[in-house]
Amino acid sequence: MRIEINAEHPEPRKIARAVHALRSGECIAYPTDTVYGLGCSIDDKQAIESLYLMKQMPRTQPLALVVPDLSGISRFAVVQDFHYRFIKRLVPGPYTFILEATREVPKLLMMKRKTIGIRVPAHPIPVALAKELGAAIVSTTASHPAEGDEAIQDPDVIDDRFPTLTMVLDAGWGAVDPSTVIDLTTQEPRLVRAGAGMDLLEQTFGMRRPLEADE
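Take the sequence shown: its letter number 91 is residue 90 in numbering that gives the first Met the number 0, and every next letter is one higher.
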């Protein structure tokens with residue numbers, strides 16, 4: 000089911016309807032400041048399994064968490080002082096941070112090092128969803144093998160490719176660049192994946208895309 004929603008001022012009743020679906024163990028699609036995401040509640044392990052199945056992903060492929068603010072990051076990830084100073088300059092924004100997971104993160108979502116990817120998008124819809132839910136949204140890019148695993152921009156195509164979704168929140172076409180992934184479990188922040196927001200990273204912290212990405 001595709002539901003049109005205002006990208007800048009999402010209608011509260013539509014947010015409430017989507018959150019009801021999340022609390023009921025359903026999966027939805029929603030826009031972010033980068034690509035469209037597929038998501039479910041962190042509190043529903045069966046829904047998390049459904050995300051893996053609908054994207055045909057191996058269980059070793061990590062999923063990320065979407066939270067509404069910095070306090071949400073601290074709830075699900077261990078944030079040291081130097082992490083906080085780094086993150087504070089980049090959120091909300093198109094960045095996913097890899098951090099040590101807290102006990103509130105199900106083992107199903109943890110990577111081998113007991114870490115988790117987590118982000119605060121600069122987009123009113125996912126922020127409103129996470130706030131209303133009162134928990135993290137487990138998220139993965141809305142991509143499908145039929146599309147060559149690239150992010151699907153058109154909400155109509157997302158609705159068609161993933162018939163098991165309860166709803167698609169349609170705020171217009173999405174972007175193609177995913178979030179930039181930064182590992183903060185090492186001594187120095189390490190760029191894992193270059194995506195949206197790289198200009199700010201380079202200007203502020205001197206982090207650059209890998210050379211092969213520039214060629």
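Just so you know, even glycine gets a beta-carbon here, dropped at the ideal spot from N, CA and C. On a predicted model such as this, the values are computed, not experimentally measured, just so you know.
{"Query": "In the DSSP assignment, what are the bridge partners of S40?", "Result": "I136"}
{"Query": "For the alpha helix (DSSP H) that contains R74, what are its first and last residues?", "Result": "L69 to F75"}
{"Query": "I'd like to know whether the C-beta atoms of S142 and I136 end up nearer to each other than 8 Å.", "Result": "no"}
{"Query": "Could you check the C-alpha separation between A28 and E103 for me, to the nearest Å?", "Result": "24 Å"}
{"Query": "Spell out the partners DSSP gives A63 in its beta bridges.", "Result": "G116 and S138"}
{"Query": "Quick check on the burial criterion: 16 or more other C-beta atoms within 10 angstroms. Buried or exposed for H82?", "Result": "buried"}
{"Query": "Nearest CA to the CA of T184: which residue from E146, S178, K113 and D148?", "Result": "K113"}
{"Query": "With DSSP as the reference, label D213 as helix, strand or coil.", "Result": "The pLDDT assigned to D213 is 40, lower than 50, so where the model puts this residue is not dependable, and the model offers no usable value."}
{"Query": "Ordered along the chain, which non-local residues of its own chain (more than five positions away) have a Cβ less than 8 Å from that of V156?", "Result": "E146"}
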